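Engineer: Chains as they are written, first to last, in this note's numbering: chain A, 2 to 194; chain B, 977 to 1487; chain C, 382 to 551.
One structure, as structure tokens, below. Some questions next.
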Amino acid sequence: MTDPDDRADRAGSADADGGGVASTWDGPSQPWLLNGDCRGRQHRSLLLEITTRAVFPTVLVFSVYLLLVGHYGPGGGFSAGLVAGLAFVLRHIAGGGGDLGTGRVVRPPTVFGTGMAVAVLSALLPLAFGLGVLESAKLGVTLPVLGTIEVQTSLLLEVGVYLLIVGVVLELLRSLGTGIERDLDEAGEQPES
Amino acid sequence: MNAASTIITLPVLLPLLGAAVSVVFARSAMLQRVVGIVVLAAVAALAAVLLVMADTSGPVVASLGGWAAPVGIALVADRLSALLLLVSSLVTLAVLVYAIDQRIADYGRGTASTTFHPMYLMLSAGVSLAYLTGDLFTLFVAFEVMLTASYVLISRRTSATRVRAGMTYVTVSLMSSLLFLTAIALVYAATGTVNLADLAGRMDALPGELRTVLGLMLLVVFGIKAAIVPLHFWLPDSYPNAPGPVAALFAGLLTKVGFYALLRTQTLLFSRDEPWMLMLVLAVATMLVGALGALAQNDLNRLLSFLLVSHIGFMLFGLAVFDPEGVGGAALYAAHHITVLATLFLVSGLITRRTGTVALDQMGGLARTAPGLAVLFAIPAMTLAGLPPTAGFVAKLALLEAGVGVGNAAVAVAAVVMVASLLTLVALVRVWVRVFWGEPRPPLPDDDPDDEVVVGTAATAAPMYAATAGLVAVSLAIAVFAGPLTEITDRAGTDLLDRGPYRVAVLGGAP
Amino acid sequence: MIIVPTINLTMAVTVAVLYAVGFYLLLSRSLMRVLIGVVVLGHASNLLLQLAGGPPARPPIVGTDPAAMADPLPQALALTAIVITFALTTFLLALGYRSFVLVGHDEVQDDVEDRRIGRQKADPVGLGSDEGDGDDSDDSDDSADSGAGDRVASTDDAVEATATGERERP
């Protein structure tokens, strides 16, 4: 969001190269989740790291659940996005900025830009069907085993919001989390925590 | 219904989509520029269509998501909002062209900016939404979209000075936004609706004291945003520190959006039959404090900021008169003010690029070294001072005519309008004498060569002049088409005070 | 949907206290305090929005009787307001940190030019300056329109040199 971002991005990728960890998002070639190559050893918390390993994927799955269930129940794109974002925050706390740098193959601005584009397009999409802007409809599909599955077209908007929020949280972690850590490193200070 | 719904939502959705595209393709400077210009040109075209539609067949209304008005969110374009949207989008477009060319001139063609274009388009979307919404809460959202983008724009490329300016601006704006939210909560508690057309009817049923309180709260909220004295102090503090084109955009648009919201809510929700004494007092204070403040300044941008505040008072005068001519005159004045202030700030940017400073006592002789710049400054300056052949004169005349018709207090304030115009003229003549006359001075050296800001050279791309000249042309066009425009704003004023057409268009059926 | 006949005193007092605390914090110079003030004020207005929708403790939108359930609109409004407050909180955090990097603290400085004009005939030395220590290590290439407007009009070195309240960053 603010200026330090691009440098943070470069710093992140430099960490990735230095760590020698494959940069695929969560491929099996890298240590799952926390690569162990995080900030100063004395700042590591074993308990937190192990918990994060267990919780991170669960939270992501839960966020998708919230996203899908949002039309009729509590949830929706914003809450789901925040929950997913919290998973990344947890990971950032446990693993530090370097970990987040290796765990990401897409630039956060791309994520929230795509989210915004999806949301706006989903608002304009009904025009193609002769409906007004932002109108939604219910689509039903009958599958052989699962029965009837109904989807609200407004789910598309929610997906856009979800991506937007996840992207914004990642961007914040990059600029305010990693960026500040980097600034502190450059100033020769140890990050507190 | 469908065509209208499309045309009225696109001025909001297109800039949003453009912003998203600009974010995703942040590495491609060319694409960002093309997207920005195409989107804003499209918005201007749509605004022109909306103005014609609203003027010929009444307010254009779209219900979002197919939910009819009191329940759902309605977008409404009547003459006032369509006119201001048209002028604003033209200014936004011209300023964008200027900003792009400035960047090309300073950094070369290939460099991309990750935040400027998305935030610029976000701001444009917020402005469109603020003009078009028919819903108090959506107005809040529109303000937030607009202001959040403006926060980022004003504190980008942060020097210490700009961080300080950004802090003041953000804190004051945030306070006003939170007050707005509070006012919305109270309005909803009292009436059970946030739809403006619906509110118009329900407000009338409320006890007088409650109406007064709610009206004053909204006055304070929009007074901060429109920089009404004594709520103006943040403006001369923050705008001059913004980057040149950004300052021009803010000066042109943001306060006027605040004034539009004030005009809309006060006429629609808190209708009155006689001139509004409080507003007359505020108008006098705003005109005089702004004009006198401008006389004391040595910084060109600060001087323009104070003049900006001063001329907000002229519009307040039109609102205070509270008759169709006054409100219509205020609308016309707002349209003229948007173009002329943006132009003056752009010219100030061009001057600074030549002289390397904004301090008036460090400049001189530009009339000889840059005669084109002198012309570009002289025309909007005369317009702002309200000298006869210009748009400023037409708009001011409309206000004065409205003023003399409604009683002694208004006549007295009309005299203050003349005084404030005179002071404006004095301030601008001071600028003229300091900057354009006298011995030419060599440009000051770039005091911080590391910051890549090219200052104090004549390296000014021709398109920057062209964009500024385009805005001058818009302002001249307002003068040339003063007749039809005055008719439109008169009808807009009648509509605003009558309230009937707006409510019928939004709610359907009898009001 | 109409004016609630009796006011829940507890909630009214809570809202009042939140507003008082929020506005008090908003008045301070430190941006961190301002930030906390904004957060508290955001809570206050959201609580007020909720109260505007009717008395507490009604169920959410369930069933068919509108009179028995809580008004969903203020909830939607509050949710939107929360999103906006969230965005602005993060922005203020970034701004405060930026100020910390540039100036060494996060306090809002005086406007130099303002003071200069205020004392135009007086001795210009000793005014507060908000010029930073020139630390522009973070001025990345991400700066589109290079504002020419960031020239402080003052060229008086004495004004710029006397930076009050400025701490060098370690």
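Virtual Cβ for every residue (Gly too), placed ideally from N, Cα, C.
This one's a predicted model, so the numbers in the text were calculated from it and none came from an experiment.
Looking only at its chain, what residues have a beta carbon closer than 6 Å to the beta carbon of Asp163(A), apart from the 5 residues adjacent to it on each side?
Structural biologist: Per the sequence presented here, residue 163(A) reads as Tyr, with Asp not at that position. Contacts found: Leu68, Gly78, Ala81 and Gly82.
Engineer: Mark Ser64(A) as exposed unless 16 or more other C-beta atoms lie within 10 angstroms of its C-beta, in which case mark it buried.
Structural biologist: That one is buried.
Engineer: Is Ser1324(B) helix, strand or coil when you go by DSSP?
Structural biologist: The answer is helix: DSSP assigns Ser1324(B) an H, G or I state.
Engineer: Please decide whether Thr471(C) counts as near chain A, where near means a Cβ-Cβ distance under 8 Å.
Structural biologist: At least one chain A Cβ lies under 8 Å of Thr471(C).
Engineer: If distances are taken between C-alpha atoms only, which option among Gln1008(B), Met1394(B), Pro1035(B) and Leu1115(B) comes closest to Val988(B)?
Structural biologist: The option with the nearest alpha carbon to Val988(B) is Leu1115(B).
Engineer: Please report how far the alpha carbon of Val1071(B) lies from the alpha carbon of Leu1320(B), in whole angstroms.
Structural biologist: Val1071(B) and Leu1320(B): Cα-Cα distance of roughly 12 Å.
Engineer: Relative to the alpha-carbon of Val613(C), which residue among Asn427(C), Glu488(C) and Tyr405(C) has its alpha-carbon at the smallest distance?
Structural biologist: Residue 613(C) lies beyond the residue range present for chain C, which begins at 382 and ends at 551; the question has no answer from this structure.
Engineer: DSSP three-state label for Asp1249(B), please.
Structural biologist: Coil.
Engineer: Would you decide whether Tyr405(C) is buried or exposed? Buried here means 16 or more other CB atoms lie within 10 Å of its CB.
Structural biologist: Flag for Tyr405(C) reads exposed.
Engineer: Could you check what DSSP says for Thr1366(B) in three-state terms: helix, strand or coil?
Structural biologist: DSSP places Thr1366(B) in coil when its eight states are reduced to three.
Engineer: Taking the alpha-carbon positions, what's the Leu123(A) to Ala1296(B) distance?
Structural biologist: The sequence given here has Ser at residue 123(A), not Leu. Looking at the two C-alpha atoms, the distance is approximately 43 Å.
Engineer: Just how far apart, CA to CA, sit Ala1224(B) and Asp1474(B)?
Structural biologist: Each residue's alpha carbon lies about 34 Å from the other.
Engineer: Using the beta-carbon count (16 or more within 10 Å), is Ile51(A) buried or exposed?
Structural biologist: Result: exposed.
Engineer: State buried or exposed for Ala1367(B), treating a residue as buried only when at least 16 other CB atoms are found within 10 Å of its CB.
Structural biologist: Buried is the call here.
Engineer: Report yes if the C-beta distance between Lys1201(B) and Ser1152(B) is below 8 Å; otherwise report no.
Structural biologist: Cβ atoms of Lys1201(B) and Ser1152(B): closer than 8 Å.
Engineer: Alpha carbon to alpha carbon, what distance is there between Pro75(A) and Gln456(C)?
Structural biologist: Distance between the alpha carbons of Gln456(C) and Pro75(A): 12 Å.
Engineer: Excluding the five sequence neighbours on either side, which residues of its own chain have a C-beta within less than 6 Å of the C-beta of Leu1229(B), listed in chain order?
Structural biologist: Excluding positions up to five away in sequence, the list reads Ser1064 and Val1103.
Engineer: Excluding the 5 residues flanking Ser155(A) on each side, which residues of the same chain have their C-beta closer than 6 Å to its C-beta?
Structural biologist: Same-chain partners within the cutoff: Ser137.
Engineer: At which residue ranges does the segment 1275-1363 of chain B contain complete alpha helix (DSSP H) runs of 4 or more residues, listed in the order of the chain?
Structural biologist: Counting whole runs of 4 or more residues, the segment 1275-1363 of chain B contains the alpha helix (DSSP H) stretches 1276-1297, 1300-1331, 1342-1345 and 1347-1361.
Engineer: Within the same chain, show all residues whose beta-carbon is closer than 8 Å to that of Thr1169(B), passing over the 5 residues directly before and after it, in chain order.
Structural biologist: Cβ neighbours of Thr1169(B) beyond the five flanking positions: Pro1046, Leu1175 and Arg1178.
Engineer: From Ala1088(B) to Gly114(A), what distance separates their C-alpha atoms?
Structural biologist: Cα-Cα distance, rounded: 16 Å.
Engineer: What does Thr115(A) reach in chain B if we use C-beta pairs closer than 9 Å?
Structural biologist: Per Cβ cutoff of 9 Å: Ala996, Val999 and Val1000.
Engineer: Which residue wins for smallest C-alpha separation from Ile465(C), given the options Leu1194(B), Thr1109(B) and Met1122(B)?
Structural biologist: Closest option to Ile465(C), Cα to Cα, is Met1122(B).
Engineer: Mind listing, in chain order, the continuous alpha helix (DSSP H) runs of no fewer than 4 residues lying wholly within the segment 1131-1204 of chain B?
Structural biologist: 1136-1167, 1172-1180 and 1184-1202, all fully within the segment 1131-1204 of chain B.
Engineer: Can you name the residues of chain B whose CB is closer than 7 Å to the CB of Leu140(A)?
Structural biologist: Residues of chain B passing the Cβ test: none, with the nearest at roughly 16 Å.
Engineer: State the DSSP-derived secondary structure class of Asp446(C), mapped to helix, strand or coil.
Structural biologist: Note: Asp446(C) maps to coil in three-state DSSP.
Engineer: Hey, quick one: how far does the alpha helix (DSSP H) through Ser1451(B) stretch, first residue to last?
Structural biologist: Per DSSP, Ser1451(B) belongs to the alpha helix (DSSP H) from Ala1438 to Val1456.
Engineer: Within 10 angstroms of its Cβ, does Ala1106(B) collect 16 or more other Cβ (buried), or is it exposed?
Structural biologist: Burial call: buried.
Engineer: Taking a cut of 7 Å between CB atoms, which residues from the segment 400-414 of chain C lie near chain A?
Structural biologist: Result list empty, no residue passes.
Engineer: Kindly indicate if chain A contains any beta-carbon less than 8 Å away from that of Val421(C).
Structural biologist: With 8 Å as the cut-off, Val421(C) does not count as an interface residue toward chain A.
Engineer: May I ask you to list, following chain order, the residues of the segment 436-470 of chain C that have a beta carbon less than 7 Å from some beta carbon of chain A?
Structural biologist: Cβ contacts with chain A: Val464.
Engineer: Spell out the partners DSSP gives Arg1037(B) in its beta bridges.
Structural biologist: Looking at the sequence itself, residue 1037(B) is Val, so the reference to Arg does not match. Val1037(B) is bridged to Val1052(B).
Engineer: Which same chain residues end up closer than 6 Å to Pro441(C) when comparing Cβ atoms and leaving out the 5 residues on each side of it in sequence?
Structural biologist: Correct list, in chain order: Ala451.
Engineer: Buried or exposed: Val1411(B), going by 16 or more other Cβ atoms within 10 Å of its Cβ?
Structural biologist: Classification for Val1411(B): buried.
Engineer: So what does Gly148(A) bridge to, in DSSP terms?
Structural biologist: The partner list for Gly148(A) (beta bridge, DSSP) reads Leu144(A).
Engineer: So is Ser981(B) in contact with chain A if we call contact Cβ pairs under 8 Å?
Structural biologist: Answer yes: the Cβ-Cβ gap between Ser981(B) and chain A drops below 8 Å somewhere.
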